[in-house]
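J.:
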Amino acid sequence: MQFKNLGQSELRVSSYCLGTMTFGESTSEKDGHEQIDLSIDAGINFFDTAEMYPTCPLRPETTGDTEVIIGNWIDKNRSKRSDIILATKISGIGYEAVRSGEGINRDSIKVAIEGSLQKLKTDYVDLYQLHWPNRGSYHFRQNWNYNPSNQDTKKANENILEVLESLSEIQKEGKIRYIGLSNETCWGTIQFLKYLKNFPNLKLVSTQNEYSLLCRLYDLDMAEMSHHENISLLAYSPLAGGFLTGKYLDGSVPKNSRLSRVSSLFGRINENSTLAVKEYVSLARSFNLEPVHMALAFCNQRPFMGSVIFGATDKLQLTKIINGLDIVLSDELLDELNKLYKKYPITF
Numbered sequence: 003m004q005f006k007n008l009g010q011s012e013l014r015v016s017s018y019c020l021g022t023m024t025f026g027e028s029t030s031e032k033d034g035h036e037q038i039d040l041s042i043d044a045g046i047n048f049f050d051t052a053e054m055y056p057t058c059p060l061r062p063e064t065t066g067d068t069e070v071i072i073g074n075w076i077d078k079n080r081s082k083r084s085d086i087i088l089a090t091k092i093s094g095i096g097y098e099a100v101r102s103g104e105g106i107n108r109d110s111i112k113v114a115i116e117g118s119l120q121k122l123k124t125d126y127v128d129l130y131q132l133h134w135p136n137r138g139s140y141h142f143r144q145n146w147n148y149n150p151s152n153q154d155t156k157k158a159n160e161n162i163l164e165v166l167e168s169l170s171e172i173q174k175e176g177k178i179r180y181i182g183l184s185n186e187t188c189w190g191t192i193q194f195l196k197y198l199k200n201f202p203n204l205k206l207v208s209t210q211n212e213y214s215l216l217c218r219l220y221d222l223d224m225a226e227m228s229h230h231e232n233i234s235l236l237a238y239s240p241l242a243g244g245f246l247t248g249k250y251l252d253g254s255v256p257k258n259s260r261l262s263r264v265s266s267l268f269g270r271i272n273e274n275s276t277l278a279v280k281e282y283v284s285l286a287r288s289f290n291l292e293p294v295h296m297a298l299a300f301c302n303q304r305p306f307m308g309s310v311i312f313g314a315t316d317k318l319q320l321t322k323i324i325n326g327l328d329i330v331l332s333d334e335l336l337d338e339l340n341k342l343y344k345k346y347p348i349t350f
């Protein structure tokens, strides 16, 4: 397992991160704890969650259960807490099951972090992330109708400043170590960096955006920002919800899979994306690789990558994934992947 510093931080994270948004729905607490143990045994020290998880599907009655499951593991493995890097997120505006959809502001951050710490049974979070901006963004398949001209610039900047003021206070209390963004734009990230000059104790080190062979929006402005500002990408959905494994081709819907619980994988499965996945799967097999390993390795080899966040429904899936995390793709294969990307640039 490779390790790297996340942005300008002392967080030395594994190049792969275990995502936990299935914990509490398709993944039981027992299996979730076993996944954490298996990941640690494989060299993974980075674990990502959020106050709104699980999301397969997203249901008010299970909201917060993922943090509780992780917290129960921490409670049983207190001596290992300092060995892992733990990341969670505060929800943006609009999800009614979390603080009535209040979103991110000066006061809600303090309520949210206390709730997460209580569920996680820990005194601190290594990386505290803003799940999505109140003003909205082009993520979650919103890029087709994204219209930032409706945003109020003054209001957006005022929110960023008050959020940073609150985060700075929380960091001084020792409850968070570093901060990260999620589902953010280049402009939004730069605004945070601008105002952070007023808070020398606070460091923004990452942004967690969707990235995969089927979703490469990060390659342009965000990649340039990552390079110049030393902001690492934490890639979520590197397997496009499992689609890039090939297991959903030809109408297949495995029992207890994400597709069995979430229709179209939140809009990822359509005619064009299916054509693309068929070719990616065929390409992987022509190089004697498992499609899942090729998809993850591609993300890991991107120059702006901090860590690739993957999830598994159960420990058997996780074991298969772990067995290929040391794979490095050849230049020849990378060239072929880029040819396919030009053929299928934006499929969902």
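Counting in my numbering, the final residue of the sequence shown is number 350, and the numbers go up one at a time with none missing. Ideal Cβ placement from N, Cα and C applies to all residues, glycine included.
1. Determine the direct distance from the alpha carbon of Thr191 to that of His229, and round the result to whole angstroms.
2. If you count every other CB in all the chains shown that lies within 10 Å of the CB of Tyr351, and 16 or more means buried, which is it?
3. Run through the region 174 to 230 for me and flag every whole alpha helix (DSSP H) of 4 or more residues, listed as ranges in chain order.
4. Assuming the contact rule is C-beta atoms closer than 8 Å, Asn211 and Met227 should be a hit. Round their C-beta distance to whole Å, please.
5. Can at least three beta-carbon pairs, one atom from the region 133 to 149 and one from the region 78 to 98, be found at a separation below 8 Å?
6. Would you give the residue range spanned by the beta strand (DSSP E) that Val100 belongs to?
7. Apart from the five residues on each side of it in sequence, which residues of its chain come closer than 6 Å, Cβ to Cβ, to Val255?
8. Starting from Lys91, follow the alpha helix (DSSP H) in both directions and report where the run begins and ends.
9. Taking the straight line between their C-alpha atoms, what separation do you get for Lys199 and Thr276?
10. Would Arg253 and Val279 be called neighbours here (beta carbons separated by less than 8 Å)?
11. Rounded to whole angstroms, what's the CA-CA distance from Asn145 to Gly243? Just pull it up for me.
12. Looking at C-alpha atoms only, which residue of Ile86, Thr209, Glu69, Val113 is the closest neighbour of Phe306?
13. Could you name the residues that DSSP lists as bridge partners for Lys6?
14. Quick one: what's got a C-beta closer than 7 Å to Pro150's C-beta in the same chain, skipping five residues either side?
15. Under the rule that 16 or more other beta-carbon atoms within 10 Å means buried, what is Leu267, buried or exposed?
16. For the candidate residues Phe25, Ala297, Leu8, whose alpha-carbon lies nearest to that of Leu241?
17. To the nearest angstrom, how far is it from the Cα of Thr64 to the Cα of Glu27?
18. Using beta carbons (cut-off 8 Å, strictly below), is Val100 in contact with chain C?
19. Quick check on the burial criterion: 16 or more other C-beta atoms within 10 angstroms. Buried or exposed for Gly308?
20. So, helix, strand or coil for Tyr130, using DSSP?
21. CA-CA distance, Ile76 and Thr315?
22. Using the DSSP secondary-structure output, state which residues sit across from Asp50 in a beta bridge.
23. Opposite Tyr238 in the DSSP bridges: which residues?
24. What number of angstroms, rounded off, separates the C-alpha of Val264 from the C-alpha of Val127?
25. Expressed to the nearest angstrom, what Euclidean distance is found between the alpha-carbon atoms of Cys19 and Leu235?
26. Just to confirm my understanding: we take Gly105, look at its own chain, exclude 5 residues before and 5 after, and list those with CB closer than 6 Å. What are they?
27. Which residues in the same chain have their Cβ closer than 7 Å to the Cβ of Ile271, if we skip the five residues on either side of it in sequence?
28. Can you list, in chain order, the residues of its chain with a C-beta nearer than 7 Å to that of Ser170? Leave out the 5 residues immediately preceding and following it.
29. Report all residues from its chain with a CB closer than 8 Å to the CB of Pro59; omit the five preceding and five following residues, and keep chain order.
30. Val255 by DSSP, collapsed to three states: which one?
31. Can you tell me which of Leu216, Gln4, Ser259, Phe25 puts its alpha carbon nearest to the alpha carbon of Phe350?
32. Here's the rule: buried if 16 or more other CB atoms are within 10 angstroms of the residue's CB, otherwise exposed. What is Leu318?
33. So what's Leu336 in DSSP terms, helix, strand or just coil?
34. Taking 6 Å as the limit between beta carbons, can you name the residues of its chain near Asn232, skipping five residues before and five after?
35. Could you check which residue in Tyr140, Asn152, Ile178, Asp33 has the C-alpha nearest to that of Tyr220?
T.: Short version:
1. Position 227 of the sequence shown holds residue 229. Position 189 of the sequence shown holds residue 191. Their backbone Cα atoms lie some 13 Å apart in a straight line.
2. Nothing can be reported for residue 351, as the shown portion of the chain is limited to 3 through 350.
3. 188 to 197
4. For this step, residue 211 is matched to residue 209 along the sequence shown. For this step, residue 227 is matched to residue 225 along the sequence shown. The Cβ separation is near 11 Å, so there is no contact.
5. yes
6. As a working note, residue 100 is residue 98 in the sequence shown. Taken as a continuous stretch (DSSP letters only), Val100 belongs to no beta strand (DSSP E), as it is neither H nor E.
7. Here residue 255 refers to the residue found at position 253 of the sequence shown. Taken in chain order, the residues that qualify are Leu261, Ser262.
8. In the sequence shown, counting from the first residue as 1, residue 91 sits at position 89. No alpha helix (DSSP H) contains Lys91, which is instead part of the beta strand (DSSP E) from 87 to 92.
9. Here residue 199 is taken as the residue at index 197 of the sequence shown, counted from 1. Here residue 276 is taken as the residue at index 274 of the sequence shown, counted from 1. In a straight line, the C-alpha of Lys199 is about 45 Å away from that of Thr276.
10. In the sequence shown, counting from the first residue as 1, residue 253 sits at position 251. In the sequence shown, counting from the first residue as 1, residue 279 sits at position 277. For the sequence presented, residue 253 should be read as Gly rather than Arg. No, Cβ-Cβ distance for Gly253 and Val279 is not below 8 Å.
11. Walking along the sequence shown from the start, residue 145 turns up at place 143. Walking along the sequence shown from the start, residue 243 turns up at place 241. If I take the Cα positions, the gap works out to 18 Å.
12. As a position in the sequence shown, residue 306 is number 304, starting the count at 1. Checked all of Ile86, Thr209, Glu69, Val113; the closest Cα to Phe306 is Thr209.
13. The sequence position of residue 6 within the sequence shown is 4, counting from 1. DSSP lists Val15 as partners of Lys6.
14. Within the sequence shown, the letter at position 148 stands for residue 150. So no residue of the chain qualifies.
15. By 1-based counting over the sequence shown, the position of residue 267 is 265. So Leu267 ends up on the buried side.
16. Translated into positions along the sequence shown, residue 241 becomes position 239. Checking every option, the nearest Cα to that of Leu241 belongs to Ala297.
17. In the sequence shown, residue 64 corresponds to position 62, counting from 1. In the sequence shown, residue 27 corresponds to position 25, counting from 1. Their Cα atoms are separated by approximately 8 Å.
18. In the displayed structure, chain C is absent; only one protein chain is listed.
19. The sequence position of residue 308 within the sequence shown is 306, counting from 1. It counts as buried.
20. In the sequence shown, residue 130 corresponds to position 128, counting from 1. Strand, per DSSP.
21. Numbered from its first residue, the sequence shown carries residue 76 at position 74. Numbered from its first residue, the sequence shown carries residue 315 at position 313. So the two alpha carbons sit approximately 20 Å from each other.
22. For the purposes of this step, residue 50 is taken as residue 48 along the sequence shown, with counting starting at 1. DSSP output for Asp50 lists Gly21, Ala89 as bridge partner(s).
23. Walking along the sequence shown from the start, residue 238 turns up at place 236. Glu212.
24. Numbered from 1 along the sequence shown, position 262 holds the residue referred to as residue 264. Numbered from 1 along the sequence shown, position 125 holds the residue referred to as residue 127. When rounded, the distance between both Cα atoms is 30 Å.
25. Looking up residue 19 in the sequence shown gives position 17. Looking up residue 235 in the sequence shown gives position 233. Distance between the alpha carbons of Cys19 and Leu235 is about 12 Å.
26. Looking up residue 105 in the sequence shown gives position 103. Taken in chain order, the residues that qualify are Gly94, Ile95, Asn136.
27. Locating residue 271 in the sequence shown gives position 269, counting from the first residue. So the qualifying residues of the chain are Phe245, Tyr250.
28. Counting from 1 along the sequence shown, the entry for residue 170 is found at position 168. Closer than 7 Å at the Cβ level, and outside the excluded window around Ser170, lie Phe201, Asn203, Leu204.
29. Within the sequence shown, residue 59 is the residue found at index 57, counting from 1. Glu27, Arg263, Val264, listed in sequence order.
30. Sequence index remark: in the sequence shown, residue 255 carries index 253 (1-based). Of the three classes helix, strand and coil, the one that applies to Val255 here is coil, per DSSP.
31. Taking the first residue of the sequence shown as 1, we reach residue 350 at position 348. For Phe350, the nearest C-alpha among the options comes from Leu216.
32. By one-based count along the sequence shown, residue 318 stands at place 316. By the 10 Å Cβ count, Leu318 comes out exposed.
33. Along the sequence shown, read from residue 1 onward, the residue named residue 336 stands at position 334. Three-state DSSP puts Leu336 in a helix.
34. Residue mapping note: residue 232 aligns to position 230 of the sequence shown, counting from 1. If we look at Asn232 and ignore the five residues flanking it on each side, its Cβ neighbours are Gly9, Gln10.
35. Sequence index remark: in the sequence shown, residue 220 carries index 218 (1-based). Of the candidates Tyr140, Asn152, Ile178, Asp33, the one whose C-alpha sits nearest the C-alpha of Tyr220 is Tyr140.
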